[in-house]
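Enquirer:
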Amino acid sequence: MADSGKESKKGQRKVEKKLSKLRQNLKEKEEILHSDFPTLVLCVCNGGLDNSVTYSEILELFGGSEIKCDVIMIPQKSYCFVSYDSINMSEEACKRLNGSKLAPTESRKNEVILYTLFVKEVPKGISPSNVLPPGLILLTDIISDKYAAEIMESVNFDAEENSVSQQLKHRRVKHYGYEFKYSINNVDPDEPLNDRIPVIFKHLLEKLLEKKTIKFYPDQLTVNQYQPGQGIPPHVDTPSAFEDGLVSLSLGSQVVMEFRHPDGRHLSVLLPPRSALIMTGESRYTWSHGITPRKSDIVTLPNGRLTLIPRGVRTSFTFRKITGIKPTVQVSEQHTPNIPCDESTAVELEKLHVNKVYEEIADHFSGTRHTPWPNIVGFLNEQPDSSMLADIGCGNGKYLGINKTLYEVGSDRSFNLAQIVQSRNYQVYVGDVLAIPLRENMFDVCLCIAVIHHLSTEDRRQRAVAELLKILRVGGKALIYVWAMEQELNKVKSKYLKKNKNNESADTNTDDKNNATGYHGNTDVNSKAFELDNVTDCKENAEKTDEESNSDNVCNIGDKIDEVLNTDKENIDICDNEIEAGNSSENTNPNMSQKLHVHVNRTQFQQQDLLVPWQLKNGKSSKTRNENTFHRFYHVFTKGELETLCIKAGNCRILKSYYDQGNWAVVLEKL
Ligand SMILES: O=C(O)CCC(=O)C(=O)O
Ligand SMILES: [Fe+2]
1 MADSGKESKK GQRKVEKKLS KLRQNLKEKE EILHSDFPTL VLCVCNGGLD
51 NSVTYSEILE LFGGSEIKCD VIMIPQKSYC FVSYDSINMS EEACKRLNGS
101 KLAPTESRKN EVILYTLFVK EVPKGISPSN VLPPGLILLT DIISDKYAAE
151 IMESVNFDAE ENSVSQQLKH RRVKHYGYEF KYSINNVDPD EPLNDRIPVI
201 FKHLLEKLLE KKTIKFYPDQ LTVNQYQPGQ GIPPHVDTPS AFEDGLVSLS
251 LGSQVVMEFR HPDGRHLSVL LPPRSALIMT GESRYTWSHG ITPRKSDIVT
301 LPNGRLTLIP RGVRTSFTFR KITGIKPTVQ VSEQHTPNIP CDESTAVELE
351 KLHVNKVYEE IADHFSGTRH TPWPNIVGFL NEQPDSSMLA DIGCGNGKYL
401 GINKTLYEVG SDRSFNLAQI VQSRNYQVYV GDVLAIPLRE NMFDVCLCIA
451 VIHHLSTEDR RQRAVAELLK ILRVGGKALI YVWAMEQELN KVKSKYLKKN
501 KNNESADTNT DDKNNATGYH GNTDVNSKAF ELDNVTDCKE NAEKTDEESN
551 SDNVCNIGDK IDEVLNTDKE NIDICDNEIE AGNSSENTNP NMSQKLHVHV
601 NRTQFQQQDL LVPWQLKNGK SSKTRNENTF HRFYHVFTKG ELETLCIKAG
651 NCRILKSYYD QGNWAVVLEK L
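For the sequence shown, the tail end lands on 671 under my numbering, and the numbers increase by one without skipping.
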């Protein structure tokens, strides 16, 4: 008797220990705050899809025929939420089911032990918030039911008209005024459509103009129609194509739209039917917006209860005013140049195959760069407050503003990218890594991400490292990332390679439509059952491949939910910009050839110096495939090469060097 008492106390202590670990993990990794007091929402740890636990199992266990509750399963998570009408019910279920066991099933090899906790707060990405990104205006009940019905009657996707109607992979679209070409993410101001914005919208648009909600009367309309389960990937509407002030009128079903800031902030906004969303300023230019393709949305009711609202068909009307700026594309070289062996040919090559290309693809490129990489964020966040940071080759500035305590300046060789950074209100100048015009011995920290591999001689690469060291104070640190020759390490392929479904075959690369979206595609609901505290932190795990994957994998915890189902790709999302390049098989002997080869995307590198194609997809644009293809020069680094380069550059020591998803990285300290 005494023994079994001891045993059960021991068991209790074990469960308590387990629960306290779970609480901590939920808070730190999933942004779920538990409550010591009963609430209406339970978190059921280990009762998630990732443990192969099903919705009906949880519903039966936690609800049954008598008790009404909502079960909210979240893709790729090992937990779920159960929401009740009364505290009594949730309290009873929490007590009764904590520590309960689910037997193995066909898709679940192991027994699963469930742990239950009261939830105080769910992650922002799960339920819509009342906070809106700066510059975003949500006008509810903007039109009457009658007006809405008239509008809906007037849209006919199938009519033979002069507007352009398309069935995209994950939604239906129709354009008026100007066609938005998804191939180039732009409109051609010289090619107006015969069908202008229908007059039925005049009343609404004039009202918005009158109230100064918008500054221009729009001249372009895109109608999107989404079936339940459909969505649109996160994107920023092309800044050079449209003026500030985008209007999106929602009709039909409600939906939750996700807004994400490059610094990782994520807000979900519930768009009710007959509402208009106006994106201006920061919300239009800096935050991306998108709709996760799923069949229902999780919404917090005023009483704090989480509930699922199924989605119906939603039709949105996005009104924009075009800027009139004509999209430009560069005709690619017919013949590839030689690997440069002297300074002046190197300069010429980089002008054409680095600098010019980035100027041309800046907008598009920037739209693909919204998620900071976790290890770089970690590095920035570990710097002492008030440190001075120079981000050399900052691209669209996605690492600026991450650690708000730093004094920062960014620089990029591309004027157009620097302009994007400036529009985000960060300090930036246009400049070359080989001639940094900043005061010497001044900076505490320096970032140089995906820059040095664009320099085409070893001497230039070494000088670049020396320039970084020049501006650092003694003891200052630099983090450098370059693309790695090795895209497979310890038998693990980088995501860059993995995105090519058929790695063996060089000519079937990159057109992996589903995976090439910047999302991790696969929900393996049959995956081995594992407990929450064994789940690798998604922030570590979801790292994007490398700078060149053309895909910014979203990796916020909340975003993981989105990633699973989101396979839309026609808009903005990037990865498939990379095309199959001519697979030249000649000149594979490096001694025989000085010619630069065009790399075949999503395949192992064959040479260290190469041209990597970037495509603004052809689609229906008047440009040919070649005309939309740009080639960027790269020198991909072999293992140890970056370290050697840094040591050769001089006064530094290597604090850390590592391989990060197809990239080599070093942290240097200036001596
Ligand atoms: O459906 C919506 O409300 C948004 C559509 C959108 O973002 C776009 O077409 O760019
Ligand atoms: Fe948009």
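For each residue, glycine too, the CB sits at the ideal point set by N, CA and C. Since the structure is predicted, the reported quantities are computational estimates derived from the model, not experimental observations.
Pick out the complete alpha helix (DSSP H) segments inside the segment 97 to 161, 4 residues or longer, and give them in chain order.
Expert: Listed in chain order, they are 145 to 154.
Enquirer: Once you ignore the five residues that flank residue 389 on each side, which residues in its own chain have a CB closer than 6 Å to its CB?
Expert: Position 389 of the sequence shown, counted from the first residue, corresponds to residue 389. For residue 389, where only same-chain residues beyond five positions count, the Cβ hits under 6 Å are 406, 408 and 445.
Enquirer: Fully enclosed by the segment 235 to 322, which beta strand (DSSP E) runs are 3 residues long or longer?
Expert: Complete beta strand (DSSP E) runs here, min 3: 246 to 252, 255 to 260, 266 to 271, 275 to 279, 288 to 291, 296 to 300, 306 to 310 and 314 to 320.
Enquirer: Do residue 271 and residue 250 come within 7 Å of each other at the CB atom, strictly closer than that value?
Expert: Sequence index remark: in the sequence shown, residue 250 carries index 250 (1-based). Sequence index remark: in the sequence shown, residue 271 carries index 271 (1-based). Yes, Cβ-Cβ distance for residue 250 and residue 271 is below 7 Å.
Enquirer: Between the C-alpha atoms of residue 21 and residue 28, what's the straight-line distance to the nearest angstrom?
Expert: Position 21 of the sequence shown, counting from 1, holds the residue named residue 21. Position 28 of the sequence shown, counting from 1, holds the residue named residue 28. Taking the straight line joining both Cα atoms gives about 11 Å.
Enquirer: With C-beta atoms as the reference, is residue 223 less than 7 Å away from residue 155?
Expert: Looking up residue 223 in the sequence shown gives position 223. Looking up residue 155 in the sequence shown gives position 155. Their beta carbons are under 7 Å apart, which means residue 223 touches residue 155 by this criterion.
Enquirer: Round the Cβ separation of residue 670 and residue 469 to the nearest angstrom and send it over; I've been treating them as touching at under 8 Å.
Expert: If you number the sequence shown from 1, residue 670 lands on position 670. If you number the sequence shown from 1, residue 469 lands on position 469. Right, the Cβ-Cβ distance comes to about 5 Å (below 8 Å), so this counts as a contact.
Enquirer: Cα-Cα, which of 177, 292, 72 and 182 is closest to residue 298?
Expert: To locate residue 298, count along the sequence shown from 1; it is residue 298. Residue 298 has its Cα closest to that of 72, out of 177, 292, 72 and 182.
Enquirer: Could you say which of 171, 144, 187 and 422 lies nearest to residue 203 if we only look at CA atoms?
Expert: Counting from 1 along the sequence shown, the entry for residue 203 is found at position 203. Ranking 171, 144, 187 and 422 by Cα distance to residue 203 puts 144 first.
Enquirer: For a minimum of 4 consecutive residues, which ranges assigned as the alpha helix (DSSP H) are wholly contained in the segment 22 to 62?
Expert: Runs of the alpha helix (DSSP H) inside the segment 22 to 62: 55 to 62.
Enquirer: Taking the straight line between their C-alpha atoms, what separation do you get for residue 608 and residue 343?
Expert: Position 608 of the sequence shown, counted from the first residue, corresponds to residue 608. Position 343 of the sequence shown, counted from the first residue, corresponds to residue 343. Near 18 Å, if we compare the C-alpha coordinates of residue 343 and residue 608.
Enquirer: Could you give the residue range of the alpha helix (DSSP H) that holds residue 646?
Expert: Sequence index remark: in the sequence shown, residue 646 carries index 646 (1-based). Counting along the chain, the alpha helix (DSSP H) containing residue 646 begins and ends at 641 to 649.
Enquirer: Would residue 315 be called buried (16 or more neighbouring beta carbons within 10 Å of its own) or exposed?
Expert: The sequence position of residue 315 within the sequence shown is 315, counting from 1. The residue is buried, with at least 16 neighbouring Cβ atoms inside 10 Å.
Enquirer: My assumption, with CB atoms under 8 Å, is that residue 255 sits in contact with residue 268. Please give the rounded CB distance.
Expert: Against the sequence shown, residue 255 aligns to sequence position 255. Against the sequence shown, residue 268 aligns to sequence position 268. Actually they do not touch by this definition, with Cβ atoms about 10 Å apart.
Enquirer: Pull up the DSSP beta-bridge partners for residue 392, would you.
Expert: By one-based count along the sequence shown, residue 392 stands at place 392. Beta-bridge pairing links residue 392 to 411.
Enquirer: Between residue 84 and residue 370, what straight-line distance do the alpha-carbon atoms span, to the nearest angstrom?
Expert: Walking along the sequence shown from the start, residue 84 turns up at place 84. Walking along the sequence shown from the start, residue 370 turns up at place 370. When rounded, the distance between both Cα atoms is 37 Å.
Enquirer: Let me confirm a value: residue 550 is counted as buried when at least 16 other C-beta atoms fall within 10 Å, else exposed. Which label applies?
Expert: Counting from one through the sequence shown, the residue named residue 550 turns up at place 550. The pLDDT assigned to residue 550 is 33, lower than 50, so where the model puts this residue is not dependable; a value taken from the coordinates is nonetheless given after this. Per the 10 Å Cβ criterion, buried.
Enquirer: Distance check for residue 635 and residue 476, CA to CA, integer angstroms please.
Expert: As a position in the sequence shown, residue 476 is number 476, starting the count at 1. As a position in the sequence shown, residue 635 is number 635, starting the count at 1. Straight-line Cα distance between these residues: approximately 27 Å.
Enquirer: So the alpha helix (DSSP H) residue 345 belongs to, where does it begin and stop?
Expert: As a first step, residue 345 is located in the sequence shown; it is residue number 345 there, counting from the start. Taken as a continuous stretch (DSSP letters only), the alpha helix (DSSP H) holding residue 345 covers 343 to 350.
Enquirer: For residue 602, which beta-bridge partners are listed by DSSP?
Expert: Taking the first residue of the sequence shown as 1, we reach residue 602 at position 602. Answer is none; residue 602 lacks a bridge partner.
Enquirer: Restricting to Cα atoms, I'd like to know which of 245, 413 and 384 is closest to residue 404.
Expert: On the sequence shown, position 404 is the one that residue 404 refers to. Comparing Cα positions, the closest option is 384.
Enquirer: Using 10 angstroms around the beta-carbon of residue 36, count the other beta-carbons present and answer buried if the total reaches 16, otherwise exposed.
Expert: Reading the sequence shown from its first residue, position 36 is the one you call residue 36. Answer is exposed; the Cβ neighbour count stays below 16.
Enquirer: Between the beta-carbon of residue 431 and the beta-carbon of residue 456, is there less than 7 Å?
Expert: Position 431 of the sequence shown, counted from the first residue, corresponds to residue 431. Position 456 of the sequence shown, counted from the first residue, corresponds to residue 456. Cβ distance not < 7 Å, so residue 431 and residue 456 don't count as in contact.
Enquirer: Please classify residue 674: does DSSP put it in a helix, a strand, or coil?
Expert: Look at the range of the chain in this structure, 1 to 671, and you will see that residue 674 is not part of it.
Enquirer: In terms of residues, what are the limits of the alpha helix (DSSP H) holding residue 337?
Expert: Counting from 1 along the sequence shown, the entry for residue 337 is found at position 337. Careful: residue 337 lies outside any alpha helix (DSSP H) and carries neither H nor E.
Enquirer: Please report how far the alpha carbon of residue 434 lies from the alpha carbon of residue 235, in whole angstroms.
Expert: Counting from 1 along the sequence shown, the entry for residue 434 is found at position 434. Counting from 1 along the sequence shown, the entry for residue 235 is found at position 235. Cα to Cα, residue 434 sits roughly 33 Å from residue 235.
Enquirer: Please list, in chain order, all residues of the same chain as residue 337 whose beta carbon is under 7 Å from its beta carbon, the five residues on each side excluded.
Expert: Residue 337 sits at position 337 when you count from the first residue of the sequence shown. Here the set comprises 349 and 596.
Enquirer: Roughly how many angstroms lie between the CA atoms of residue 339 and residue 243, to the nearest whole one?
Expert: One-based indexing of the sequence shown puts residue 339 at position 339. One-based indexing of the sequence shown puts residue 243 at position 243. About 42 Å.
Enquirer: So is residue 640 buried or exposed if we call it buried at 16+ other beta carbons inside 10 Å?
Expert: The residue you call residue 640 lines up with position 640 of the sequence shown. Counting Cβ neighbours within 10 Å, residue 640 comes out exposed, since fewer than 16 surround it.
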